[in-house]
Amino acid sequence: MRDVPIIPMGDDPGGSNAAGGAMPRPWQTTGRMSSVWGWQGGAIGPRLADATEAFLARAGFDRAPWLTVIFAGGIGTWFVLPEMWQWCAAIAIGVGAAVAAFALWPIGSAADEHRAHLRLAVVTGSLVFAFGVAVIWARSEMVGAEPIARPVVEQLHGHVLEREDQPADGRLRLTLAVRDFGTGAARKVRINVPLTAFGDGGVPSGLAEGAVVRLRARLMPPASPMLPGSYDFARAAWFKGLAATGTMVGPLETISPAPEAGGIASAQRWLAAHVRARVDGSAGAIAAAFASGDRGSITEADEAAMRDSGLTHLLSISGLHVSAVIAAAYFAALRLLALWPALVLRVRLPVVAAAAGALAGVGYTLLTGAEVPTVRSCVAALLVLGALALGREALSLRMVAVAGGFVLLLWPESAIGPSFQMSFSAVIAIIALSTSAPARVFLAAREEPWLARIGRRVVMLFVTGVVIELALMPIVLFHFHRAGFYGAAANIFAIPLVTFISMPLIALGLLLDLVGLGAPCWWLAQQSLDLLLWIAHFTADQPGAVKLMPQLGGVTTGLFVIGGLWLALWKGRARLLGFGLVMAATILAAATPIPDLLVAGDGQQVGITMTGPDGQRHLLSLRDSRSSFTRDNLMQLSGVKAEPVPLAEWPQARCSSAFCTVTIDRGGRDWVILLGRGRTQVEERALAAACAEVDIVIAERFLPRSCRPRWLKADRRMLERSGGLSIYLAEERITSVGESQGQHGWWKGATDQRSKGGSSRP
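The opening position of the sequence shown corresponds to residue 17 in this note's numbering, with each subsequent residue numbered one higher.
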């Protein structure tokens, strides 16, 4: 260690701290030197740096999970920041922070011993953050497909890349590789083909991956979010390489059928059809989803019931299913191989059983489509198998971090998707709970009756379900704006039912079908899945089973994420800080304002929240849409469960064939709103006079410049730039879809700068 002053340096020479002069205190010298850089002498200061260093030294945390979290944070930052210069700045800040840490606390200097943990945290964290921003930016540039400029009707001639059966919706979905008619550039499009187009003969066997087809289709560019907070299909299509989606019009001609040697996709379809033939009705659709990952036969009503009861995770092939398959293969191989004495004496059976389980897991992952949650679960399960084979701890947060990092490197865009977030949140919550001191004490072996021992397991199962529901609820509310409140209770019965009864029966039925003896297993599987659906519908139908939530703010969501991760990943008393962050987020979520007006990007769909004479909140809709997607978006983002009321039927509304007028009392004043009902021609002078008398005008068409409302004119000209709008009248605030899209490739509008509060006044 270099020589340092040993005088008190700032202490009172005659006071109680005078003895400190006899002890070397290198941090004080370093603090003064660092203050030249403005790092420790200012806002942070040497004492805070010391406290941080001491905290990191004694925390005993595992760095791997935090590095994965920071990597995901860098990816998320790229999506949040709208402009390219901001992406560059984020990378530069990350790299600059690492360089600054080395400059302030050089290796081998006096600061090295006293800032080692802090320097390591700053350097690794900032570089991993910058790497996350760079990875997702590079991924976007490599796979993003330029969407078509406008809707068109085209004759398409292309190769079938993917076929997805959706009998519940009465259609077949084909992904085609085609050439642009004008430029000859290759592009990928997705076409919905009605099953009625094939007549009574059904879908031709040659219409599969590898076939060449010719058809006429109406193509649309991938749709942007309908409203702020709605699902962004344009973004999802960008990372899938889709330039357009559409519907077939006219006949479909198969120029060249698919090769007879079927691949994994053909095997998946055959397996799904085989299972549906053995199990009838809705139960058969669920069984096909478990066996092959094919959810196309599940009806909308069953899907909604599973979602509102908190059981929809069972339909996505993820940790539960992959773990069940691998565990069954592992223990079956272990028990069968143990019957061979010669092998037992020469080979470590856990290693061989782990290999068998790994093969089963990889095969099941490929057979079910290799979706992101399935791949994540398979990677995590393989790590568990490796740990078991080596005699290491099987479940750990480090294992989850490695699996998460693997998925994010391959598909960084999955970091902002609900599937990735829910899957990892559930696993992290389970591991954090099971490794916590109270859980270990509660489940510790002791002398007690078998009934008490089983009771402890049941209680722990319920607590685990509650913890998982609490961990998933913010994610579900953020993405879907609705969450089931009774999911913990439903999962207590549903998870054991699926894991130990339904899936083993399906697997045994498939095995016995090889010799024609599977019928009893299929009958039992049908009864178990009928029971699962009954649990889902019963739970979803209970009063208060579903909570609707408008769009959560960025601060609220961030506090939930940081607080939850802090609780799960830290150790000791330090993790209790996460409770404070989660409580703050809960308070903010409860105070989330409900938008007064919701305006879709096309201007045709408008929702208005009003309080009726009964004191209940109602949603008024400008048009009575037959689309469940439109209706659900308006209801969820307005927080209204009741069916929308047509505006023309509202007593306080006045409507003509061209416009409706309604007055809303918000913020201590009346807001008069004029809404266009169609494209009926109106004399410009009369329209200008009407606009001058109202505060807000909303229309799907271009309005003349003479139309000047007092506060906002949201016509086609504005909506093409801004996208959908959420309007908060009491605060005189507007949020738009476009304001957060910026220069990301999938967004083709231009952010309307007027759509930010009072600046929207004409």
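Don't be surprised by glycine CBs; every beta carbon is placed ideally from N, CA and C.
If you're wondering where the values come from, they're calculated on a predicted model, not measured in any experiment.
Per DSSP, what kind of secondary structure is residue i in: helix, strand or coil?
i	result
His760	coil
Pro520	helix
Asp529	helix
Arg670	strand
Arg719	The question names Arg, but residue 719 is Leu in the sequence shown. Leu719: coil per DSSP, three-state reduction.
Tyr744	strand
Ala202	strand
Glu69	helix
Arg364	coil
Ser637	strand
Met599	helix
Arg311	coil
Met236	strand
Ala431	helix
Ala730	strand
Glu736	helix
Leu258	strand
Ala38	Low local confidence applies: a pLDDT of 38 at Ala38 is under 50, so the model's placement there is unreliable, with the coordinate-based value given in what follows. Three-state DSSP puts Ala38 in a helix.
Pro662	strand
When DSSP builds the beta bridges, which residues end up paired with residue i?
i	result
His290	None; His290 has no bridge partner.
Asn208	Arg189 and Thr263
Gly690	The sequence given here has Leu at residue 690, not Gly. Paired residue(s): Thr677 and Val713.
Glu12	Past the boundaries of the shown model lies residue 12; the chain is included only from 17 to 778, so the question cannot be answered.
Asp196	Answer is none; Asp196 lacks a bridge partner.
Asp181	Leu188
Arg563	The identity of residue 563 in the sequence shown is Lys, whereas the question assumes Arg. Answer is Ala499, bridged to Lys563.
Leu13	Here the chain has residues from 17 to 778 only, and residue 13 is not among them.
Ile750	Ile743
Val228	His175 and Ser272
Arg589	None, per the DSSP bridge assignment.
Glu387	The partner list for Glu387 (beta bridge, DSSP) is empty, contrary to what the question assumes.
Arg685	Arg682
Spatial neighbours of residue i within its chain, please: C-beta separation below 6 Å, excluding the five flanking residues on both sides.
i	result
Ala616	Met242 and Gly740
Phe576	Pro490 and Ala601
Arg726	Asp711
Ala664	Cys671
Ala349	Ala369 and Ala372
Val598	Gly579
Ala281	Glu225
Pro210	Arg187
Gly481	Ala504, Asn507 and Ile508
Pro275	Gly226
Trp762	Ala250, Arg251 and Trp254
Gly499	Note that residue 499 is Ala in the sequence shown here, rather than Gly. If we look at Ala499 and ignore the five residues flanking it on each side, its Cβ neighbours are Met489, Val492, Leu493 and Lys563.
Who are the near neighbours of residue i in its chain, counting only those whose CB is closer than 7 Å to its CB and skipping five residues on each side?
i	result
Ala304	Ala288, Val291, Arg292, Asp310 and Ser313
Ile610	Pro566, Thr625, Ser654 and Gly655
Leu97	Trp103 and Ala106
Leu521	Cys537, Leu540, Ala541 and Ser544
Arg203	Ala161, Val194, Asp196 and Ala259
Gln759	Pro98, Glu99 and Met100
Gly510	Residue identity differs from the one stated: residue 510 is Ala in this sequence, not Gly. Cβ neighbours of Ala510 beyond the five flanking positions: Leu327, Leu330, Leu548 and Ile551.
Asn649	Met242, Leu243 and Ser246
Val571	Leu604
How many whole angstroms separate the CB atoms of residue i and residue j, which I take to be in contact at a CB cut-off of 8 Å?
i	j	result
Asp324	Ala556	4 Å
Ala340	Met519	5 Å
Val205	Glu269	No, Val205 and Glu269 are not in contact; Cβ-Cβ is about 17 Å, not under 8 Å.
Leu745	Ile680	6 Å
Leu404	Pro366	6 Å
Ala88	Ala431	5 Å
Pro660	Met651	7 Å
Can residue i be considered in contact with the ligand PLP, in the sense that its beta carbon sits closer than 7 Å to one or more heavy atoms?
i	result
Gly89	Absent from the structure shown: the ligand PLP. Ligands present: none.
Considering only residues of the same chain and omitting the five flanking positions on each side of residue i, which have a CB-CB separation below 8 Å?
i	result
Arg472	Phe458 and Leu459
Given 8 Å, three or more beta-carbon pairs between the stretch 229-248 and the stretch 718-730: no
Three CB pairs or more closer than 8 Å across the stretch 202-219 and the stretch 620-639: no
The stretch 374-394 / the stretch 333-350 touching (three or more Cβ pairs under 8 Å): yes
Validate contact between the stretch 381-391 and the stretch 430-443 using beta carbons, cut 8 Å, 3 pairs: yes
Stretch-stretch touch, CB-based, cutoff 8 Å, three pairs: the stretch 130-149 with the stretch 109-116: yes
Three CB pairs or more closer than 8 Å across the stretch 445-457 and the stretch 411-425: yes
Contact the stretch 580-592 vs the stretch 630-650: 3+ CB pairs below 8 Å: no
Inter-stretch contact (C-beta, 8 Å, three-pair minimum) for the stretch 162-169 and the stretch 247-264: yes
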